[in-house]
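For the sequence shown, numbering that gives the first Met the number 0 assigns the number 661 to the last residue and increments by one with no breaks.
Below you'll find the structure, written out as structure tokens, and then a few comments.
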Amino acid sequence: MKTIGLIILCLLILVLMLKAEDTLSAQEKLKPEQLLSVRDRQLRDSIFFIYHSMSGDTARRVKFMRDMLQKNIGEKWSVELLDSALVLTGDSQYREEEVSIRYDYYRHYKYQADTAQMNKAFKTLRTVSRKYKIYDLYFTAWGDILQFSTVRGDTEYVLLEAERMEEEARKLNNVTGVYCSMLTTARALRASKQEDEAVKRYREALEIPYLPEVDKATVYNEVATIYQLRGEYDKMLSELNMERSMMEQVLKESPEKADSYRDKMLDMELSYCAAYLDNADLDNLLKHLQQARKYYSSNTLFSYKIKYRIMWGGYYCLNGDWDKSFNEYDAALASFDGTQPLYKMTVYIIKGSALQIAGRYKEAAENYRRGAIEMDSLNQDVLRLHEEAHQANYIIRQALLEQAAAERHYNLLLVGLIVLVIILLVALLVRALHVNRVLLNSEQETREALETVEAANKMKEVFLRNITYQIREPLNMVVGFSEVLSTEKGLSQEQMQEYASLVKKSAGQLSQLIFDVLDLSRLESGMMKFSVAECDVVQLCRDAKMMVEMQEGNAVHLQFNTELEALMIRADSGRFMKLLSSVLSAPEGYQGIAWVDYTLIREGEAMKLVVHGSPLLKVTEEKQLCHQIQHDINRLYLETFKGSYQIGTEKEKKTIVITYPI
């Protein structure tokens, strides 16, 4: 054993040395470009310094980290913020926070356009959401992922997944899930040019019970976009009016949320402006531009700022106020600051069109040229980013492959060591179990043999005692009265008839006892012959009642209960009638009046007869021993046909329960 222990220790040291070497090798191969810049490191360290200096309020610290992620979501190192926040949610009381953090992981990788990690984060979010039964963010992320597939043109797959999403959401009774599935379906239909079907699906989304007004407003906005693309401006305005109604209701109920909905209200007003600009309706265009001005601020999202300037430029263009129009377009162009070349190209083209309308063709051509340059720059940027992403992914893949190879090498050695230890332990365990099993089997066999012998002896003793008692009483009467009849002289005719009657009665009891013993023997040995045929057990119960009531000196009052008209079984009707008679009629020596209630019902594929107040159960303890043989005959007969015969207690009264297969 010392040798084995030494071998195991050497293997462990070897594994750890290889693991350390592989880890250092993988780290050395990482290029300096992959390290954080000084600025990023300082920013990250500052955030963590504030985080560690905060009090022990877990919820506040988690919120701080999530807020910092939102501000730095474009940075790759920002995932470290989520890692720290996730550690705080280890306690089960922070379930909602943990689900929210898992959703933030998904958003982080989505912003990084890391599809593989995004899908991995979504799967983790799904697992955690199902574990804690918190589903809203899970369905939101699912719909978001399907939107990516819609953009790629894989609409058939999206429609199938959206159907599966809706089915799961309805099973969970989750409004957000049903809403996301319907929006996903509608967007996929819109992308595949099935606009009427898309509008129909949007309408169905509006019928979802308890759907928040904000979500309804989103639906109306997307339907309005469809009508704008089709040039159906009346319908577009109708949808925008419904959106306005929803948002006004939201702000009326929660005025404190007005600031958080400023951009949404601005977007709605600019959608009105787009409709009126396309139709050259200056009055309404100005009206909604003035409304939009109320929601415009320095914190407005960049895309809304550009759209706001374009709408004012369009208004001044329709009025022929060219200087103001071009100033608005120039303000929009100045706000780009080298970003968003696609939007910048669009503004150049719009300004070029306005210059062309104003008759300033040379300037218009210059703006068209700049738009083309922006398009070319955009294409080059896309190609460059694609190349950089390809190179970065190659470096990462190489590092991951090398690290995975090292992990496999280490894992193989570790597995080999574990297998060796397990084999040794299993060998010892198998040996111990084998010895223990042999001892237990031997002990069990000895105990069972002893119990079998004792039970057989006890059964024989009880049976012989009962039979001896039952035979002795009628036999003594037969012998005694026969001797009196043969030896006594001068007996009157009445005395002789009385004694003869007693002899006959006792002989009948003795004969019946012998027949019962023979029946019991044949049933136990399986030698009993039966005449089996189809018979109606309901009618048999009624016939048994009639037969008992017609017996001479009957003192049993019977009440038969059943809702069955008929119930067919395959049985030996004679034997079955004998069984019924034994539990319904009064046995020999029974004193008093018996009130017997028996009920027949069907339970599945069997009949069930419950007998209350059977005279067979009411005899004295001494007589009960005499009649035990009848219980045994009844039990063995029913068990032969897969039935049962049970004596139990119901409401403190003894009952006999008989079952028989149909």
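Ideal placement from N, C-alpha and C gives every residue a C-beta, glycine not left out.
Bear in mind that the values here come from a model prediction, so they are computed numbers and not experimental data.
- If you draw a straight line from the Cα of residue 537 to the Cα of residue 544, it is about 11 Å long.
- Proximity to residue 561 across 541, 573 and 76 peaks at 541, based on C-alpha coordinates.
- DSSP lists 653 as the bridge partner or partners of residue 648.
- Listed as beta-bridge partners of residue 611 by DSSP are 596 and 654.
- Rounded to the nearest whole angstrom, the C-alpha separation of residue 300 and residue 316 is 25 Å.
- When Cβ pairs closer than 8 Å are counted between the two stretches, the segment 197 to 208 is seen not to touch the segment 250 to 258, the count staying below three.
- Unbroken beta strand (DSSP E) stretches of 3 residues or longer found wholly inside the segment 133 to 173: none.
- Here DSSP, grouped into helix, strand and coil, assigns residue 590 to coil.
- Rounded to whole angstroms, residue 48 and residue 322 show a C-alpha spacing of 52 Å.
- By the Cβ test, the segment 130 to 140 is in contact with the segment 90 to 110, since at least three Cβ pairs between them sit closer than 8 Å.
- If you ignore the 5 residues before and after residue 194, its C-beta comes within less than 6 Å of the C-beta of 225, all in its own chain and listed in chain order.
- In this chain, residue 560 is not harboured by any alpha helix (DSSP H); it is covered by the beta strand (DSSP E) spanning 555 to 561.
- Around the beta carbon of residue 494, a 10 Å sphere encloses fewer than 16 other beta carbons of the protein chains shown; the residue is thus reported as exposed.
- Taking every protein chain shown into account, the CB of residue 41 has fewer than 16 other CB atoms within 10 angstroms, so this residue is exposed.
- Per DSSP, the beta bridge partners of residue 602 are 605.
- In the three-state scheme derived from DSSP, where H, G and I count as helix and E and B as strand, residue 530 is classed as coil.
- With a cut-off of 8 Å on Cβ pairs, the segment 178 to 197 is in contact with the segment 147 to 163, counting three or more such pairs.
- Between residue 232 and residue 274, the C-beta spacing is below 7 Å.
- When C-alpha distances from residue 583 are compared across 364, 142 and 614, the shortest belongs to 614.
- Leaving aside the five residues that flank residue 529 on each side, the residues in its chain whose CB is nearer than 6 Å to its CB run, in chain order, 571.
- Burial state of residue 410 is exposed, judged by a 10 Å Cβ sphere holding fewer than 16 other Cβ atoms.
- Taken in chain order, the unbroken stretches of alpha helix (DSSP H) that lie wholly in the segment 214 to 258 and span 4 residues or more are 232 to 252.
- In the structure shown, the three-state DSSP call for residue 353 is helix.
- According to the DSSP secondary-structure assignment, residue 659 is paired through a beta bridge with 606.
- In the DSSP assignment, residue 292 falls within the unbroken alpha helix (DSSP H) covering 281 to 294.
- Exclusion of the five residues before and after residue 558 leaves 594, 595, 596 and 597 as the residues of its chain whose Cβ lies within less than 8 Å of its Cβ.
- The beta carbon of residue 156 sits closer than 7 Å to the beta carbons of 148 from its chain, once the five residues preceding and following it are set aside; these are given in chain order.
- For the pair residue 429 and residue 532, the Cα-to-Cα distance works out to about 57 Å.
- Residue 269 is a Cβ neighbour of residue 291, given a cutoff of 7 Å.
- Burial state of residue 126 is exposed, judged by a 10 Å Cβ sphere holding fewer than 16 other Cβ atoms.
- Minimum Cα-Cα distance from residue 604 among the listed residues 627, 617, 574 and 568 corresponds to 568.
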